[in-house]
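Undergrad: Just so you know, we're using our numbering here: the sequence shown kicks off at 148 and counts up by one.
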Amino acid sequence: MSTYTSTALAHPNIAFIKYWGNRDNALRLPSNGSISMNLDGLFTRTTVTFNSSQYDSLIINDRAVIGKGLDRVSSILDLVRGIANINERAEVSSVNNFPAGAGIASSAAAFAALALASSRAAGLILSEGQLSRLARRGSGSASRSIPGGFVEWHMGAGDDDCVAASIASVDYWNLTDCVAIVNAAHKKTGSTEGHALAGTSPLQNARVADAPRRIEICRKAILNKDFEAFANIIEHDSDMMHAVMMTSTPPLMYWQAATVGIFQEVRAWRANGLPVGYTVDAGANVHVLCLSEYSKEVEKRLRELPGVSDVLVAGVGGAAQIL
Ligand code: DP6
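1. Would you say Ala252 and Ala429 are within 9 Å of each other, going by their C-beta atoms?
2. For a test of the three-state rule: what should DSSP assign to Leu322, helix, strand or coil?
3. Whose C-beta lies closer than 8 Å to the C-beta of Val435 among residues of the same chain, with five residues either side of it excluded?
4. Is the beta carbon of Gly214 sitting closer than 9 Å to the one on Ala345?
5. Where the beta carbon is closer than 5 Å to any heavy atom of the ligand DP6, which residues qualify, in chain order?
6. Do the CB positions of Ala260 and Ser241 come within less than 9 Å of each other?
7. Which residues mark the beginning and the end of the alpha helix (DSSP H) in which Val355 is found?
8. What do you reckon, are the CB atoms on Trp473 and Tyr166 nearer than 9 Å?
9. Beta carbon of Ile206, beta carbon of Val239: below 9 Å?
10. Taking DSSP as the reference, what is the three-state secondary structure of Tyr441?
11. Please go through the same chain and pick out, in chain order, the residues whose beta-carbon is closer than 7 Å to the beta-carbon of Phe374, but skip the five residues on each side of it.
12. Within the continuous beta strand (DSSP E) that includes Leu189, where are the two ends?
13. If you compare alpha carbons, which of Asn198, Asp218, Ser221 and Thr194 is closest to Asn208?
14. Answer with buried or exposed for Ile469, where buried requires no fewer than 16 other C-beta atoms within 10 angstroms of its C-beta.
15. When burial is assigned at 16 or more other CB atoms within 10 Å of the CB, is Ser199 buried or exposed?
16. Straight-line CA distance for His383 to Asp203?
17. Taking the Cβ atom as the reference point for each residue, do Ile182 and Ala211 lie within a distance shorter than 9 Å?
18. Using only CA atoms, which one of Phe377, Ala231, Gln351 and Leu350 lies nearest to Glu363?
19. When the Cα of Lys367 is compared with those of Leu399, Ala343, Ile314 and Lys335, which residue comes out closest?
20. At the level of alpha carbons, what is the spacing between Ile233 and Ala269?
21. Do three or more CB pairs link the region 273 to 293 to the region 304 to 313 at distances below 8 Å?
22. With respect to the alpha helix (DSSP H) encompassing Trp402, which residues constitute its N-terminal and C-terminal limits?
23. Count the other CB atoms, across all protein chains shown, that sit within 10 Å of the CB of Asn172; report buried if there are 16 or more and exposed otherwise.
24. Name the DSSP bridge partner or partners of Glu299?
25. Can you say whether Ile223 is buried or exposed, counting buried as having 16 or more other CB atoms within 10 angstroms of its CB?
26. Assuming Val477 is part of the beta strand (DSSP E), what are its boundary residues?
27. Taking contact to mean 3 or more Cβ pairs, one atom from each stretch, closer than 8 Å, check whether the region 152 to 160 and the region 336 to 355 are in contact.
28. Spatial neighbours of Ser290 within its chain, please: CB distance less than 6 Å, with the 5 preceding and 5 following residues excluded, ordered by chain position.
29. In this structure, how does DSSP classify Val317 when only helix, strand and coil are distinguished?
Shown next, in the form of structure tokens:
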């Protein structure tokens, strides 16, 4: 085999029903299913080249990465080499267009783009389901950045059917995510470490047992474009995940004072007729969801709040794609 190269682009996603905790850490089989939307305008672009070098190498935003970051990428390349039956090492080069420290989880877009670029560079044409499963092995939420639009990740019975698929297309509903950036004073615990702690919270079993109900409500709210039901369920699900985080041993507290301040404003705005709802991932930033016609107003209000240093605005993003 000589040199084979491919470039792919994928969007990050924001979870409406959260993935928190694995039933199998090695295979990244989640304890519960989840639902998300891809974020348009934000992306990771990754080029993979298989060549005659002795080792895999990784460059992210012009900086060489070694150690754990490289190992995590190599483990996906190993899976691809196994399927394609090749031995070549790879050069992986990746660029994010969203600011570092913006608190947008980059691993979802990164491993979705890596799964697509590396499999194509190895000469494989994988189905969407196969790509979603491959991306999942690098980062659970990356399984949801392979299909486009609104996506459900099914927990499945095992590796084969633990896969994400679109439940509604990019154009189905004009939701917009206004991400209020809150300056986090402390370095957060990464999600991989966090998932491993989920089971130490006595609340996790209840959260997981109730997940099918929340998924059903959220899926229906999206399909019926019922914003009120949608806002209520995403806030409830986010609060439940953070309750598990806070009651884990050791406890994880991702919220800052400003995070809670934004929750209270968002709920007051909704009570006064502005359709908005919040959700928070493993960080302090607040994702405020609204319909696109309200996004200017929501952005303006968020910028006026104490502790908000910036606001990113993203519509519904498409599927991962080869460039
Ligand atoms: C809070 O997918 O980042 O954002 O599989 O260890 O990479 P790893 O975890 P990751 O976890 C995401 C956690 C979350 C909720 C979500 O996106 O569903």
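Even glycine gets a Cβ: it sits at the ideal position worked out from N, Cα and C.
TA: Looking at the atomic coordinates:
1. yes
2. strand
3. Asp324, Cys325, Val326, Ala327, Ile409, Val413, Val423, Gly424, Tyr425, Val445 and Leu449
4. no
5. Ala162, Lys165, Tyr166, Ser181, Ser254, Ser286, Gly287, Ser288, Ser338, Thr339, Asp428 and Ala429
6. yes
7. Gln351 to Ala356
8. Since the first residue of the chain shown is 148 and the last is 470, residue 473 is not available in this structure.
9. yes
10. helix
11. Pro422 and Leu438
12. It is not in any beta strand (DSSP E) - Leu189 carries neither H nor E in the DSSP assignment.
13. Thr194
14. exposed
15. exposed
16. 43 Å
17. no
18. Phe377
19. Ile314
20. 8 Å
21. yes
22. Where Trp402 is concerned, there is no enclosing alpha helix (DSSP H), given that its DSSP letter is neither H nor E.
23. exposed
24. Ile182 and Ala312
25. buried
26. Here the chain has residues from 148 to 470 only, and residue 477 is not among them.
27. no
28. Ser279, Ala282, Arg283, Trp300 and Ala311
29. coil
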